[in-house]
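Residue numbers (UniProt numbering): 1 to 84.
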């Protein structure tokens with residue numbers, strides 16, 4: 001099994017870390033779509049079966065953009081939230 005870790009797309013400028021309800025900015029949506037396109041191109045090679053995501057808004061937005069492009073189910077979990 002291979003696990004690929006990615007960070008959510010860019011969120012509100014100047015915000016740093018932690019648990020928040022901040023969403024992606026336009027650049028973050030663009031980054032998420034680009035990542036989705038990259039993963040779509042190589043999904044057979046990488047064997048992508050599932051997307052797992054934190055349930056924080058910026059992570060959910062990122063996962064949804066990727067999910068839409070590679071057509072794989074996303075599992076959301078609060079256990080994947082960054083912890084301090």
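Positions of the beta carbon are idealized from the N, C-alpha and C atoms, including for glycine.
**Q.** Inter-residue CB distance, residue 28 and residue 11 (contact presumed, cutoff 8 angstroms)
**A.** 6 angstroms
**Q.** Span of the beta strand (DSSP E), counted from its first residue to its last, around residue 3
**A.** Premise fails: residue 3 is in no beta strand (DSSP E) and is neither H nor E.
**Q.** Beta carbon of residue 35 nearer than 9 angstroms to that of residue 61
**A.** No, the Cβ-Cβ distance between residue 35 and residue 61 is not below 9 angstroms.
Q. Relative to the alpha-carbon of residue 81, which residue among 66, 72, 56 has its alpha-carbon at the smallest distance?
A. 56
Q: Can you give me the start and stop residues for the alpha helix (DSSP H) that residue 69 sits inside?
A: 57-70
Q: On the DSSP bridge assignment, give the partners of residue 76 in chain order.
A: In DSSP, residue 76 forms a bridge with 53.
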